[in-house]
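*Asks:* From first to last, the protein sequence lines are chains A and P. The first sequence begins at 153 in this note's numbering and counts up one residue at a time. The second sequence begins at 13 in this note's numbering and counts up one residue at a time. Quick one: this structure, given as C-alpha cells, is what I'll be asking you about.
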Amino acid sequence: MRADLHVMEQIDLYLQGKMSVTESSAFQAKMQAEPVLAQMVAEQQLFAQSVSRQAIIAEINLVAAGAGGAWYANPFVAAAGAVVVGGIVAAIVYYNSSSEAPEATPETQIARQVPANSPAPVEILPVVVEGDTIGYQEVVHPVDGNDNTQDPTADIAEDHHEYDAPLNDNGTPDRVEYDIEDQGTTGAAETDLNKGSRNASFPNGDLARKIYIEENVIYPGTAQKEKLQGTVKVEFNVDKEGQKSEIRATCIAMFDENEKRLNSTQMVLKQSIAKLFEDKAVSTVRTMPPWEPATDSQGNPVVSEVTIYFQFKLPGRINVYEIPENE
Amino acid sequence: MTDQEIISEIRQGRREKAIKVLYKELPKIKANIISSGGDAEIAKEIFHDSLVLLIEKVSNPKFELTSKLTTFLFGINRFLWKNELRKRYKNPELEWSDTLILSAEDIGYNEEKEEKIKILEKVLNQVTERCKKIFELFYFKKEDMTTIAKQLDFSSVNSAKTQKYKCMERAIELAREMAPRDLQPNPTE
C-alpha cells in the first residue's frame, strides 16, 4: 500500500476512535506539528460526514416518498369527487337541513335563507355604494345548479373593517404563529375527541388548507401582468356532509403594486380583473376537498355558512384566512 | 414513541422509524414557512435539512436533549429558514420575534463546513457505484474492511482498502478543485 494511503487509514482509525490512548495522543501531537496532516484529518472527517449524510438523506427520501399518500396528493380526484358528489348531495341535504337550521346553537353559523331555486346569472353586477367603493356582486357559474346570488345588501363598510383586521402596519398580512409545543395531533383526530359545537373547517385544519392553497391555486395571470392585487370575500355554505354550496365571492378591495388602494373609478375600470380574482376564489373553494361540517353542542353535524377571505398578493402569493368571530 | 426512544433508535442505526415519526411534523413546518414567504418545495428541502442535522446531532452520544425533540427540530428548522431568508434578501438583520431560534452553535451549524459538505456530496455523486458502496459501508454502517471486502467480492482486504483510499483521495482532490469556485460568497448587487 502506498504511504499516503497508509496515512489515510491512520486518520480513519483516529477519527473512529479506534486508536489506543497513547496512539491517539501521539497522533494529535503529530497533527499539531504537521499542518498538512491536520488538514487531511479535517478533510477526511468532512468526507466521512458527507457519506453519512447522503445515506441519511436517502433514508429520509424513502420515508418522504412513502408519506406522499395524503388526500391532497391528487387534487384532481378530490376536486372531481367534490363537484360530482356536491351536485347531488348538496341539493338534497341543503334542502332537508334548512328546516332544522333554526334549532342550532348560536355558536354555529346558520346558512342564510336564500331562495334555493333562483337561476344563477353569470354576469357581474357592479353596485355603487356611497363612498369610494364599488361592491361587486359575484354570481357563481352554475355548476351544480345550486349556486345562488348573493344578498345584495352586503355591508361594504363592514367589509373594510374586516379586511383591515388581519393586516399589520406594513399592509402585509400578519404571519400566522403556530403553537408548536402543543400542537400534537391532526385536525381529524381532534374531531373524535372534541364533541363541543364548532365551526366548519377545512379538513385537517388551517395548516392543511394553507398547503392546499399553496399547491393548487395559481395567481390569475392577467392580474399579475397588470400588477394588481386584490382581496376577495368568499361566502359559502357547508352542509352536513361537508359539501360546499352557494359559493359567493366579492372582490372587496384592489391594490396596485405599490399597495395603493384603487378608488371607485379605478375599480370600475379594472372590474374585469376583480372578476378574475373572484372567479379564482370561487373555483378554488368549489374544487377544495369536502370540509369538516360544523357541529352543534352535541357534536352533530349541521349546515353552516362560512366566510373566508382570499388575499392575492404580488408577485404571486395567495393567502386565505378567516376572521375569527368575536362575540 | 417517546423522545428517548426516538433518540435510541437513531443511535442504534434504526433511523427509519424515527424519521417516520419526525416526518409527521412536516405539515406544521411547511405551513410556517409558507406563511412567511416560502413555498412548499423550499419547505420540504429545509425540513429535510433539519432532519439531517437533527440526526447527526442526536447520533453523537454526548448529545443531551434539553427540550422536546420536536421543539429542537422546529428550532433547527427556524434557524435554517431564517438563514435562507438572509441569503435571499441579503438582510443580515432579519429576525423572527420569537425565542425558539437556536443559534448556529446550538445546532452545530457552520456555513463554511456546510458548503464544503455540499461540494463533497456533489463529488460523491460522481464516484463509481462500487466506491460509493465501500464508503457507505465503512463510514455510515461502520463495517470493518474485512467484511466489506467479502461483501463486495474483493480478492483481498488489501485491494479493498487500496480501492477505498484511492477513491477517497480522488474525491477529496476533486472537492478541493471545486471549492474555490463554489465557495465564493454570493455576489452582491
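Think of the CB as a built atom: it goes at the ideal place given N, C-alpha and C, for glycine as much as any other residue.
(1) Taking only the alpha-carbon atoms, compute the straight-line gap between P/L149 and A/S172 and give it to the nearest angstrom.
(2) Does the Cβ of P/K9 have 16 or more other Cβ atoms within 10 Å, making it buried, or fewer, making it exposed?
(3) Measuring only between beta-carbons, confirm whether A/L466 sits less than 8 Å from chain P.
(4) Classify A/H158 as buried or exposed, calling it buried when 16 or more other Cβ atoms lie within 10 Å of its own Cβ.
(5) Nearest to A/T439 by alpha carbon, out of A/K377, A/S424, A/F354, A/I209?
(6) Give the C-beta separation of P/I31 and P/L63 to the nearest angstrom, bearing in mind that I take them to be a contact with Cβ-Cβ under 8 Å.
(7) Can you confirm whether P/M13, when its beta carbon is compared against all beta carbons of chain A, has any partner nearer than 8 Å?
(8) Tell me which same chain residues have a C-beta within less than 7 Å of the C-beta of P/I22, skipping the five on either side of it?
(9) Exposed or buried, what is A/P467 when buried is set at 16 or more other beta-carbons lying within 10 Å of its beta-carbon?
(10) Comparing C-alpha positions only, which one of P/A172, P/K144, P/R142 sits nearest to P/D156?
(11) Please state if the CB of A/V455 and the CB of A/D448 are separated by a distance shorter than 8 Å.
(12) For A/S177, report the span of its alpha helix (DSSP H) as first-last.
(13) Using the three-state DSSP reduction, which class does A/L481 fall into: helix, strand or coil?
(14) Chain A partners of P/K51, CB-CB under 8 Å?
(15) Hey, could you find the ends of the alpha helix (DSSP H) P/K130 is sitting in?
(16) Can you check the segment 405-459 of chain A for any alpha helix (DSSP H) of at least 4 residues that lies completely inside it and give the ranges in chain order?
(17) Is the beta carbon of A/A352 within less than 7 Å of some heavy atom of the ligand ADP?
(18) Quick check: is the beta carbon of A/M183 nearer than 8 Å to any beta carbon in chain P?
(19) DSSP state of A/N356, grouped into three classes?
(20) 8 Å is my cut-off, CB to CB: does P/Y151 come that close to chain A?
(21) Apart from the five residues just before and just after P/D61, which ones in its own chain have a Cβ nearer than 7 Å to its Cβ?
(22) Please report how far the alpha carbon of P/D194 lies from the alpha carbon of P/I131, in whole angstroms.
(23) Would you kindly work out how many angstroms separate the C-alpha atoms of A/Q168 and A/E367, rounded to a whole number?
(24) If you measure beta-carbon to beta-carbon, which residues of the segment 26-38 of chain P are closer than 7 Å to chain A?
(25) State the start and end residues of the unbroken beta strand (DSSP E) segment that holds A/R469.
(26) Between the segment 70-93 of chain P and chain A, which residues of the former have a C-beta closer than 8 Å to a C-beta of the latter?
(27) Within the 8 Å Cβ cut-off, does A/S202 reach chain P?
(28) For A/T402, which three-state DSSP category applies?
(29) What residue range is occupied by the uninterrupted alpha helix (DSSP H) comprising A/I370?
(30) Closer than 8 Å by beta-carbon distance: list the chain A residues that pair up with P/V64, in chain order.
(31) Check whether the Cβ of A/G323 lies closer than 8 Å to any Cβ atom in chain P.
(32) Listed in chain order, which residues of the segment 136-166 of chain P have Cβ atoms closer than 7 Å to some Cβ of chain A?
(33) Give the range of the alpha helix (DSSP H) segment to which P/R23 is assigned.
(34) For a contact meaning CB atoms closer than 7 Å, what does A/K362 contact in chain P?
(35) Quick check: is the beta carbon of A/R327 nearer than 8 Å to any beta carbon in chain P?
(36) With a threshold of 6 Å on Cβ separation, who are the neighbours of A/L414 within its own chain once the five nearest residues in sequence on each side are excluded?
*Replies:* Based on what the coordinates show:
(1) Translated into the one-based positions of the second sequence, residue 149 of chain P becomes position 137. Translated into the one-based positions of the first sequence, residue 172 of chain A becomes position 20. Each residue's alpha carbon lies about 23 Å from the other.
(2) Here chain P has residues from 13 to 201 only, and residue 9 of chain P is not among them.
(3) Here residue 466 of chain A refers to the residue found at position 314 when the first sequence is read from its first residue. Judged by the 8 Å Cβ criterion, A/L466 is not in contact with chain P.
(4) Against the first sequence, residue 158 of chain A aligns to sequence position 6. It counts as exposed.
(5) The sequence position of residue 439 of chain A within the first sequence is 287, counting from 1. It is A/F354 whose Cα lies nearest to the Cα of A/T439.
(6) Translated into the one-based positions of the second sequence, residue 31 of chain P becomes position 19. Translated into the one-based positions of the second sequence, residue 63 of chain P becomes position 51. About 7 Å; that satisfies the 8 Å criterion.
(7) Taking the first residue of the second sequence as position 1, residue 13 of chain P is located at position 1. Not an interface residue.
(8) Start at 1 with the first residue of the second sequence, and residue 22 of chain P comes out as number 10. Counting only Cβ-Cβ distances below 7 Å, and skipping sequence neighbours, we find A30, I67, V70, S71.
(9) By one-based count along the first sequence, residue 467 of chain A stands at place 315. Under this definition A/P467 is an exposed residue.
(10) The sequence position of residue 156 of chain P within the second sequence is 144, counting from 1. Per the Cα distances, P/A172.
(11) Start at 1 with the first residue of the first sequence, and residue 448 of chain A comes out as number 296. Start at 1 with the first residue of the first sequence, and residue 455 of chain A comes out as number 303. Not in contact: A/D448 and A/V455 (Cβ atoms no closer than 8 Å).
(12) To locate residue 177 of chain A, count along the first sequence from 1; it is residue 25. From DSSP, the alpha helix (DSSP H) with A/S177 extends over 173-185.
(13) The shown model of chain A, from 153 to 479, leaves out residue 481 of chain A, and the question about it has no answer.
(14) What you label residue 51 of chain P is simply residue 39 of the second sequence in a count that begins at 1. Sequence check: residue 51 of chain P is Asp here, not Lys. By Cβ distance, chain A contributes E366.
(15) Walking along the second sequence from the start, residue 130 of chain P turns up at place 118. Start and end: 123-136.
(16) 416-421, 423-439
(17) Here there are no bound small molecules, and the ligand ADP is not part of this structure.
(18) Reading the first sequence from its first residue, position 31 is the one you call residue 183 of chain A. By this cut-off, A/M183 is not an interface position.
(19) In the first sequence, the residue the question calls residue 356 of chain A occupies position 204. Looking at A/N356 - three-state DSSP - the assignment turns out to be coil, as it is neither helix nor strand.
(20) Residue numbering aside, residue 151 of chain P sits at position 139 when the second sequence is read from its first letter. So yes, P/Y151 belongs to the interface.
(21) Numbered from 1 along the second sequence, position 49 holds the residue referred to as residue 61 of chain P. Excluding residues within five positions, the ones whose Cβ falls inside 7 Å are L92.
(22) The sequence position of residue 194 of chain P within the second sequence is 182, counting from 1. The sequence position of residue 131 of chain P within the second sequence is 119, counting from 1. With a pLDDT of 42 at P/D194, under the threshold of 50, the modelled position of this residue cannot be trusted; read the value that follows with caution. If you take the alpha carbons of P/D194 and P/I131, they lie about 8 Å apart.
(23) On the first sequence, residue 168 of chain A is found 16 positions in, with the first residue counted as 1. On the first sequence, residue 367 of chain A is found 215 positions in, with the first residue counted as 1. If I take the Cα positions, the gap works out to 45 Å.
(24) R27, E28, I31, K32, Y35
(25) What you label residue 469 of chain A is simply residue 317 of the first sequence in a count that begins at 1. 469-473 is the span of the beta strand (DSSP E), which, as asked, contains A/R469.
(26) K80, T82, T83, F86
(27) For the purposes of this step, residue 202 of chain A is taken as the residue at position 50 of the first sequence. So yes, A/S202 belongs to the interface.
(28) Along the first sequence, read from residue 1 onward, the residue named residue 402 of chain A stands at position 250. A/T402 falls in the strand class under three-state DSSP.
(29) Along the first sequence, one-based indexing puts residue 370 of chain A at 218. No alpha helix (DSSP H) contains A/I370, which DSSP labels as neither H nor E.
(30) Here residue 64 of chain P refers to the residue found at position 52 of the second sequence. Near P/V64 (Cβ distances below 8 Å), the residues of chain A are R205, I208, I209, I212.
(31) To locate residue 323 of chain A, count along the first sequence from 1; it is residue 171. Caution is warranted here: a pLDDT of 45 is assigned to A/G323, below 50, making its placement in the model unreliable, and the coordinate value is therefore given only provisionally. No, its Cβ sits nowhere closer than 8 Å to a Cβ of chain P.
(32) Interface annotation for the segment 136-166 of chain P against chain A: L136, F147, E148, Y151, F152, criterion Cβ-Cβ distance under 7 Å.
(33) If you number the second sequence from 1, residue 23 of chain P lands on position 11. If you look at P/R23, you'll find it in the alpha helix (DSSP H) that goes 15-23.
(34) By one-based count along the first sequence, residue 362 of chain A stands at place 210. Here the neighbours are A43, I46, S47.
(35) Your numbering for residue 327 of chain A matches position 175 in the first sequence. Residue confidence for A/R327 is low, a pLDDT of 43 falling below 50, so the modelled location carries little weight; the figure read from the coordinates is stated next. Taking Cβ atoms only, chain P reaches closer than 8 Å to A/R327, which makes this a yes.
(36) Residue 414 of chain A sits at position 262 when you count from the first residue of the first sequence. Same-chain partners within the cutoff: M406.
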